[in-house]
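Participant: Shown below is the structure under consideration.
2 protein chains.
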Amino acid sequence: MQRNHRGAVSLAEKFATFDQAFAPRRVAHVNDFVVKVIKVRGAFVWHRHEATDELFLVHRGTMTVRYRDRDVVLNAGELHVVPRGVEHMTLADATCEVLAFEPVATVNTGDAGGALTAHDEPFV
Amino acid sequence: MQRNHRGAVSLAEKFATFDQAFAPRRVAHVNDFVVKVIKVRGAFVWHRHEATDELFLVHRGTMTVRYRDRDVVLNAGELHVVPRGVEHMTLADATCEVLAFEPVATVNTGDAGGALTAHDEPFV
């Protein structure tokens, strides 16, 4: 499995390779962590990751990280860490380009599963 | 020790809190990894991290990751992973605002040590 590119990785170029919402692509690995690029558009499913935190960093656009008791709105150049074990979902009206940083073994839908679960996200 | 902010973290705001070159600040933790903001200006020391990869993502400006046999130039919105065990240094003519992802235990100067070694980087 490819781990990393030898040169500079342009996030804009990587985001241009796909349009599907909530279909993460891998762009780099850092030890047992992976950097994914995700297009958030519409609403994801409620879920939690029992064993891991999850970082989101917005590259372009605006998204919301929704918790049961509050919303965190993220614009370009803003990041937020979802604490392990806390139920959340992501949503965006228009396409939002987002970087995620999490352990390689993390499943995007956490404990929820279902149709939006990603398998073997391609390396782009 | 503070781990994470409850809301959105603006990278621009965090970079505005300091000016010192090669003096990392922590902005978030993801499990045992840390996200640091660094201003690269001038040339760092040659060093390697035996046990860990290190990710750099340029927020603003241009920097070079120099290896013994090649340079990788990074502009805003570009990232690069320095493989573990490989000697490298970072440099920039003008201030470059950079995000780094690496294990909490990583020492910025790796095996080299010296005056530029950062201790207990503050959380901003």
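Those protein sequence lines, which keep their order, are chains A and B. Each residue of the first sequence is one higher than the one before, counting from 2 in the numbering used here. Each residue of the second sequence is one higher than the one before, counting from 2 in the numbering used here. A virtual CB, placed ideally from N, CA and C, is assigned to each residue, including glycine.
Does DSSP put Ala93/A in a helix, in a strand, or in coil?
Facilitator: Of the three classes helix, strand and coil, the one that applies to Ala93/A here is strand, per DSSP.
Participant: Strictly below 9 Å CB to CB, what residues from chain A border Pro123/B?
Facilitator: The premise fails here: Pro123/B is roughly 18 Å from chain A at the closest Cβ pair, so nothing lies under 9 Å.
Participant: Please classify Leu117/B: does DSSP put it in a helix, a strand, or coil?
Facilitator: Of the three classes helix, strand and coil, the one that applies to Leu117/B here is coil, per DSSP.
Participant: Taking CB distances under 9 Å as the criterion, tell me whether Asn32/A reaches chain B.
Facilitator: Closer than 9 Å: yes.
Participant: Can the beta-carbon of Ile39/B be found less than 9 Å from the beta-carbon of Ala24/B?
Facilitator: Yes.
Participant: Would you call Arg26/A buried or exposed, if buried means 16 or more other Cβ atoms sit within 10 Å of its Cβ?
Facilitator: Buried, since its Cβ has 16 or more Cβ neighbours within 10 Å.
Participant: Which residues in the same chain have their Cβ closer than 7 Å to the Cβ of Trp47/A, if we skip the five residues on either side of it in sequence?
Facilitator: The residues are Glu88, Met90, Ala113.
Participant: Is the shortest distance between the beta-carbon of Arg49/A and the beta-carbons of chain B less than 9 Å?
Facilitator: Answer no: the Cβ-Cβ gap between Arg49/A and chain B never drops below 9 Å.
Participant: Could you tell me which chain A residues have their CB closer than 9 Å to the CB of Thr53/B, listed as they occur along the chain?
Facilitator: Neighbours of Thr53/B on chain A, chain order: Val31, Asn32.
Participant: Please classify Arg42/A as buried or exposed, where buried requires at least 16 other C-beta atoms within 10 Å of its C-beta.
Facilitator: The residue is buried, with at least 16 neighbouring Cβ atoms inside 10 Å.
Participant: Can you check DSSP and say which residues form a bridge with Lys15/A?
Facilitator: Beta-bridge pairing links Lys15/A to no other residue.
Participant: Establish whether the CB of His89/B and some CB of chain A are separated by less than 9 Å.
Facilitator: No - not a single Cβ of chain A is within 9 Å of the one on His89/B.
Participant: Can you look up Thr53/B in the DSSP assignment and give me helix, strand or coil?
Facilitator: Thr53/B: coil per DSSP, three-state reduction.
Participant: Answer yes or no: does any C-beta atom of chain B fall closer than 9 Å to that of Val73/A?
Facilitator: It does: the Cβ of Val73/A has a partner Cβ on chain B nearer than 9 Å.
Participant: Counting Cβ pairs, one atom from each stretch, are 3 or more of them under 8 Å apart for the segment 61-71 of chain A and the segment 91-103 of chain A?
Facilitator: Segments in contact, yes.
Participant: Nearest chain B C-beta to Gly8/A closer than 9 Å, yes or no?
Facilitator: Yes, because at least one Cβ of chain B sits closer than 9 Å to the Cβ of Gly8/A.
Participant: Between the Cα of Arg100/A and those of Gly111/A, Val82/A, Thr110/A, Gly115/A, spot the shortest distance and give me the residue it belongs to.
Facilitator: According to the sequence provided, residue 100/A is Leu. The question's Arg does not apply to it. The shortest C-alpha separation from Leu100/A is found at Val82/A.
Participant: With distances taken between CB atoms, is the gap from Val31/B to Leu56/A smaller than 9 Å?
Facilitator: Their beta carbons are under 9 Å apart, which means Val31/B touches Leu56/A by this criterion.
Participant: Might you give, ordered along the chain, the residues of its own chain that have their beta carbon closer than 7 Å to the beta carbon of Arg4/B, omitting 5 neighbours on each side?
Facilitator: Excluding residues within five positions, the ones whose Cβ falls inside 7 Å are His30.
Participant: Under three-state DSSP, which class holds Gly43/B?
Facilitator: Reduced to three states, the DSSP call for Gly43/B is strand.
Participant: Within 10 Å of its beta-carbon, does Val10/A have 16 or more other beta-carbons around it, so buried, or fewer, so exposed?
Facilitator: By the 10 Å Cβ count, Val10/A comes out buried.
Participant: If we count the other Cβ atoms within 10 Å of its Cβ and call it buried at 16 or more, is His120/B buried or exposed?
Facilitator: Exposed, because fewer than 16 other Cβ atoms sit within 10 Å of the Cβ of His120/B.
Participant: Report yes or no: is there a C-beta of chain B within less than 9 Å of the C-beta of Val200/A?
Facilitator: The structure shown does not extend to residue 200/A, since chain A is modelled only from 2 to 125, so the question has no answer here.
Participant: Is any beta-carbon of chain B found at less than 9 Å from that of Gly78/A?
Facilitator: Chain B, which has a Cβ nearer than 9 Å to the Cβ of Gly78/A, makes this yes.
Participant: Name the chain B residues whose beta carbon is nearer than 7 Å to that of Phe102/A?
Facilitator: Chain B residues near Phe102/A: Val31, Phe102.
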